[in-house]
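Counting from 1080, one number per residue, gives the positions in the sequence shown under my numbering.
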Amino acid sequence: MRSCVYAAALLVLLAGVSAPEPLAAQLTPRPARNGALVEGGIASIKIDGYALATLANLASSLWGETGRFSGAGTGNLARFETGSTSGYGELHGSFALSSDRRNISVIRADAGGGAYRGEASSQYGEASLTLGRSSATGAAAGWLDVGVGRVDATSTRNTSHARIAGSIRSGWAMVGADAGVLATGSTRYSEAAIHAQLAPFGSDASGITRVVIGGDGGIRSSAESKGRRAWAMAVATVRLVGPVSMVGYAGAQPPDPTRGTLGAAFTSIGLRVALGPSGATRASPVIPAVSEATSVSAVADDGRRMISVVLANARTVDIMGDFTSWLPVPMTRSTSGKWQLRIPLDEGSHRLEVRADSGSWVPAPGLPVAADEFGGSVGILVVQ
């Protein structure tokens, strides 16, 4: 019964981010380093053409980055009310075409597959190229994505896609959109989608967001297509205590012909636990903290502030934080020897890290240090 495989595939996609990968990097509330998530919950799901089913699921995600290489894996195990089980997993790997993190151009490979009690199975593989760039602050990004692959679901078919996309960020809100064409076998589709995310209550004293609300919606058209052509879904994450959050999904997903999954309507609620960076202990800071070594100016006429960091012996300094969407931004050395960056910065507490001479990322010197939800530590800059 391949519908069970499709159900597990849908849930593992929901447990991740349904937006394209470059946009996912912009939307996902996590720093760009190693980490993991485990999520478990219950769901009610009606797959297109099949009856309504209730199931319990356990999903996990693991990601990491070394130099220009990054990878991620997701897995899901679902047990239906009938006692049947299914599993689905995906692997993703990419190589950045530039060491400049503002250049988000990558070569990417994806593969996934699943099975229902070892009887029915589904698998796909895909290679893609993304060419794009983010602004220096990470507030805006645009890219073109093309790829080819092969899927084996109800039949074995070649697949391809081409999309153009972009995103903008302002404060605690982010929105992105994409449009393109995709093909599977002899069938061609045109589609467009919009993705949004909002942290309406900002962050707590340690810089961690309490509530994150996101949503996706889109349309697809094709003379040969069947099932839903318009779709929308929403997800909300509420941090409860420490690394534990409650997460809920509701809405409908379209079929994904490049993965061989069917469309479905669903509701789901569960718990998510953020784990440390691959179980490894983070390296100790290599930059000593110096009293008052990091400061921020009052807001200027152009609406921006100047962040200043004192690192006397550094040849280059980069900074990243929640105000750069966790994308590294180079700082400029002033005549006084301070490293500086002029950037829009709202009042409140902000998390940030710096690195000298392309070394380790550490809390900015002279700031209070707080643990983050990924087992590391960040500096807390309070802007008044």
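Backbone N, C-alpha and C fix where the C-beta goes; we use that ideal spot for every residue, glycine too. Note that this is a predicted model, so its numbers are computed, not measured.
Strand pairing of residue i, partner residues [DSSP]
i: LYS1125; result: LEU1131 and ALA1344
i: LEU1277; result: ALA1252 and ILE1292
i: VAL1461; result: SER1428
i: GLY1154; result: SER1139 and GLY1168
i: TRP1418; result: VAL1388 and ARG1412
i: VAL1352; result: VAL1117 and VAL1323
i: ARG1465; result: Lying before the first or after the last residue shown, residue 1465 is absent from the chain, which here runs from 1080 to 1463.
i: LEU1261; result: HIS1240 and TYR1268
i: VAL1498; result: Because the chain in this structure spans residues 1080 to 1463, residue 1498 falls outside the shown range and cannot be described.
i: GLY1245; result: GLY1221 and ALA1256
i: ALA1145; result: Reading off the sequence, residue 1145 comes out as Thr, not Ala. THR1145 is bridged to PHE1148.
i: SER1173; result: SER1149 and ARG1187
i: ASP1335; result: THR1340
i: PRO1442; result: GLU1432
i: THR1235; result: ASP1231
Where the beta strand (DSSP E) containing residue i begins and where it ends
i: MET1410; result: Here MET1410 belongs to no beta strand (DSSP E), and DSSP marks it neither H nor E.
i: SER1324; result: 1323 to 1332
i: THR1209; result: 1199 to 1213
i: THR1373; result: 1373 to 1375
i: ASP1231; result: 1219 to 1231
i: GLY1193; result: 1185 to 1195
i: THR1316; result: 1309 to 1320
i: VAL1396; result: 1396 to 1400
Presumed contact (8 Å Cβ cut-off) between residue i and residue j, rounded CB distance
i: VAL1396; j: VAL1433; result: 6 Å
i: LEU1208; j: ILE1186; result: 6 Å
i: THR1337; j: THR1238; result: 4 Å
i: GLU1118; j: VAL1326; result: 7 Å
i: ALA1275; j: ILE1247; result: That belief does not hold up - the Cβ atoms of ALA1275 and ILE1247 are roughly 10 Å apart, past 8 Å.
i: ILE1273; j: VAL1291; result: Going by Cβ atoms, the distance from ILE1273 to VAL1291 rounds to 17 Å, so no, they are not a contact pair.
CA-to-CA distance, residue j to residue i, given in whole angstroms
i: GLY1166; j: ALA1232; result: 15 Å
i: THR1346; j: LEU1131; result: 11 Å
i: ALA1271; j: VAL1352; result: 32 Å
i: VAL1457; j: LEU1223; result: 33 Å
i: ARG1289; j: LEU1277; result: 11 Å
i: ARG1430; j: ALA1331; result: 35 Å
i: VAL1230; j: ARG1299; result: 20 Å
i: VAL1462; j: ALA1329; result: 37 Å
i: THR1164; j: LEU1156; result: 7 Å
i: ILE1124; j: PHE1402; result: 37 Å
i: GLY1192; j: SER1173; result: 19 Å
i: ALA1443; j: GLN1202; result: 45 Å
i: ASP1127; j: ARG1308; result: 12 Å
i: ASP1295; j: ALA1344; result: 14 Å
i: SER1413; j: VAL1389; result: 10 Å
i: PRO1367; j: LEU1420; result: Note that PRO1367 scores 38 on pLDDT, short of 50, meaning its location in the model is unreliable; the coordinates nonetheless yield the value given after this. Roughly 20 Å between the two C-alpha positions.
i: ARG1384; j: ILE1422; result: 6 Å
i: SER1200; j: THR1133; result: 21 Å
i: ALA1435; j: ARG1196; result: 52 Å
i: ALA1135; j: GLY1349; result: 9 Å
i: ALA1311; j: ALA1391; result: 52 Å
i: GLY1095; j: TRP1251; result: Confidence at GLY1095 is low in this model, with a pLDDT of 48, below 50, so the placement of that residue is unreliable and no value is reported for it.
i: THR1316; j: PRO1279; result: 12 Å
i: ARG1267; j: GLU1426; result: 48 Å
i: SER1177; j: GLY1382; result: 31 Å
i: PRO1407; j: ILE1183; result: 12 Å
i: SER1149; j: LEU1319; result: 29 Å
i: GLY1228; j: ALA1244; result: 20 Å
i: ASP1257; j: GLY1264; result: 23 Å
i: SER1324; j: TRP1405; result: 21 Å
i: GLY1358; j: ASN1113; result: Only weak support exists for where GLY1358 lies, its pLDDT of 34 falling under 50; the value from the coordinates is given anyway. Answer to the nearest angstrom: the Cα atoms are 9 Å apart.
i: SER1437; j: THR1373; result: 19 Å
i: PHE1159; j: SER1301; result: 33 Å
i: SER1415; j: GLY1120; result: 55 Å
i: THR1360; j: ALA1122; result: Residue confidence for THR1360 is low, a pLDDT of 34 falling below 50, so the modelled location carries little weight; the figure read from the coordinates is stated next. Rounded to the nearest angstrom, the two C-alpha atoms are 35 Å apart.
Cβ-Cβ distance between residue i and residue j below 7 Å
i: PRO1333; j: GLY1342; result: yes
i: VAL1375; j: ILE1386; result: yes
i: LEU1446; j: LEU1424; result: no
i: GLY1226; j: GLY1211; result: no
i: SER1213; j: ARG1181; result: yes
i: GLY1297; j: VAL1314; result: no
i: ALA1190; j: GLY1168; result: no
i: ALA1188; j: ALA1206; result: yes
i: VAL1260; j: SER1269; result: yes
i: LEU1354; j: ALA1115; result: yes
i: GLY1152; j: LEU1137; result: no
i: GLY1162; j: SER1139; result: no
Residue i beta carbon near the ligand GDP (any heavy atom closer than 6 Å)
i: ALA1132; result: No copy of the ligand GDP occurs in the structure displayed, which carries no ligand at all.
Closer than 7 Å to chain D by CB, residue i
i: LEU1210; result: Among the protein chains of the structure shown there is no chain D, as only one such chain exists.
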